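In this note's numbering, the protein residues as written are 55 to 337. Virtual Cβ for every residue (Gly too), placed ideally from N, Cα, C. For clarity, every value in this text was computed on a predicted model and none was experimentally measured. Read through the structure below, which is laid out as structure tokens, and then see the notes.
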Amino acid sequence: MVKRRIPLLNDHVYVGSSDGLLILVEKNEPYFVKLWEPFTGYLVQFTAGIIHQQPSHFAVETRGVPRLFHAPGGLRNPRVMCYDVNNGNLEVRFGDMPVERVASMTAYKSDVFVLFHNRQLFKITGDGHEMHGEFILIHEAPALAPSAMTHYLVVSGGGNLLILVIGIAEILIFCVDVELRTAVRIYNIGSQALFLSNTRCISVNAESFPTVRENCVYQACISGYSGPCGTYEFSLMRPRKRKIYHQSFVNDVTYTLGGRPLSMCPVLIHYCLFRNKCRRPLS
Numbered sequence: 055m056v057k058r059r060i061p062l063l064n065d066h067v068y069v070g071s072s073d074g075l076l077i078l079v080e081k082n083e084p085y086f087v088k089l090w091e092p093f094t095g096y097l098v099q100f101t102a103g104i105i106h107q108q109p110s111h112f113a114v115e116t117r118g119v120p121r122l123f124h125a126p127g128g129l130r131n132p133r134v135m136c137y138d139v140n141n142g143n144l145e146v147r148f149g150d151m152p153v154e155r156v157a158s159m160t161a162y163k164s165d166v167f168v169l170f171h172n173r174q175l176f177k178i179t180g181d182g183h184e185m186h187g188e189f190i191l192i193h194e195a196p197a198l199a200p201s202a203m204t205h206y207l208v209v210s211g212g213g214n215l216l217i218l219v220i221g222i223a224e225i226l227i228f229c230v231d232v233e234l235r236t237a238v239r240i241y242n243i244g245s246q247a248l249f250l251s252n253t254r255c256i257s258v259n260a261e262s263f264p265t266v267r268e269n270c271v272y273q274a275c276i277s278g279y280s281g282p283c284g285t286y287e288f289s290l291m292r293p294r295k296r297k298i299y300h301q302s303f304v305n306d307v308t309y310t311l312g313g314r315p316l317s318m319c320p321v322l323i324h325y326c327l328f329r330n331k332c333r334r335p336l337s
């Protein structure tokens, strides 16, 4: 393992990554945000003030000079902002279609896709004041329990754009075809494994980690979120949840990576749980 001291991370908060770029927010005012590639030193700063303690969604479009998209947290906030070094800070328009708050946002094939809580999926297109959300589809999930209000967008290791719908006893996965504007339910994600919480969702290649099972979803539940506290393994081969960690692990906010030997499974769970508590990237 090679370690290096990076002073930039001392006065910035790591809030996420997108398309290979780390998203950093200043710890103090004016809370400017930066995109940084740690291996090449590539750095872009935006004149955008983002308070890192607030839950938010971030994604980066990497066509030419990167643009950062940010959806502020809030129960009734459907806004998506674009921070562009060439055109300034702009709000993305989604036409006349009624949209609810943002459920998830991700970069896919150099474009940014936004999923709203009313199941509408958009692709952001255009530049400057011509920028807008292009409607792709409304995914029709089968009826779940009323608490199944959590949706995610994630790009699998196989290069597919997936929509996840999370219920107390069931997890549904849909594969999106952007060109055909369809979302088809799938029951197999191959060698991939998905890790998720109410904060974020990531996809990993299970073949690279002996302690991670392929074709599984690992769900970390905290109080008031999709069932009792704990971390669950959901196998897509035989749809059922199995608790693998208990509440004490999930709620241990003081838990540190250097405190004890860990497998990759709890490391990835920890990464999904504590977005705003990660002061440095885990990789």
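Around the beta carbon of Phe249, 16 or more other beta carbons sit within 10 angstroms, so the residue counts as buried.
Apart from the 5 residues on each side of it in sequence, Arg147 sits with its Cβ closer than 6 Å to the Cβ of His186 in its chain, given in chain order. By the beta-carbon neighbour count (other beta carbons within 10 angstroms, threshold 16), Glu194 is exposed.
If you draw a straight line from the Cα of Gly180 to the Cα of Val98, it comes to about 21 Å. In the three-state scheme derived from DSSP, where H, G and I count as helix and E and B as strand, Glu184 is classed as helix. Judged by DSSP secondary structure, Cys326 falls within the alpha helix (DSSP H) whose first and last residues are 318-327. For the set Ser257, Asp150, Val208, Ala260, the Cα lying nearest the Cα of Phe189 is the one of Asp150.
In this structure, Gln246 keeps its C-beta atom at 7 Å or more from the C-beta atom of Gly213. In the three-state reduction of the DSSP assignment, Ser289 falls in the strand class, which pools E and B. Secondary-structure assignment with DSSP links Lys163 through no beta bridge to anything. Between Ser251 and Leu322, the CB-CB gap reaches or exceeds 7 Å.
Counting the other CB atoms within 10 Å of its CB gives Thr204 a total of 16 or more, which places it among the buried residues. If you check the CB distance, Glu91 and Leu78 do not come in under 7 Å.
Within its own chain, the residues whose Cβ lies closer than 6 Å to the Cβ of Lys297, once the five positions on either side in sequence are excluded, are Gly284, Tyr286, listed in chain order. Remark: C-beta atoms of Phe170 and Glu154 approach each other more closely than 7 Å.
Here the alpha carbon of Gly244 sits roughly 27 Å from the alpha carbon of Gln174. Inclusion of Val219 and Leu226 in the CB contact set at 7 Å is warranted, their separation being smaller than that value. As DSSP reads the structure, Asn143 sits in a beta bridge with Tyr137. Of the residues assessed, Leu62 falls on the exposed side of the cut-off, its CB having fewer than 16 other CB atoms within 10 angstroms.
Ranked by how close their Cα comes to the Cα of Met159, the residues Val208, Asn140, Ile192 have Val208 in first place.
The beta-carbon distance between Val156 and Pro120, rounded to whole angstroms, is 20 Å. This is too long to meet the 8 Å contact definition.
DSSP, reduced to helix, strand and coil, places Leu234 outside both helices and strands of the structure shown, so it counts as coil.
In the DSSP assignment, Val67 falls within the unbroken beta strand (DSSP E) covering 66-72.
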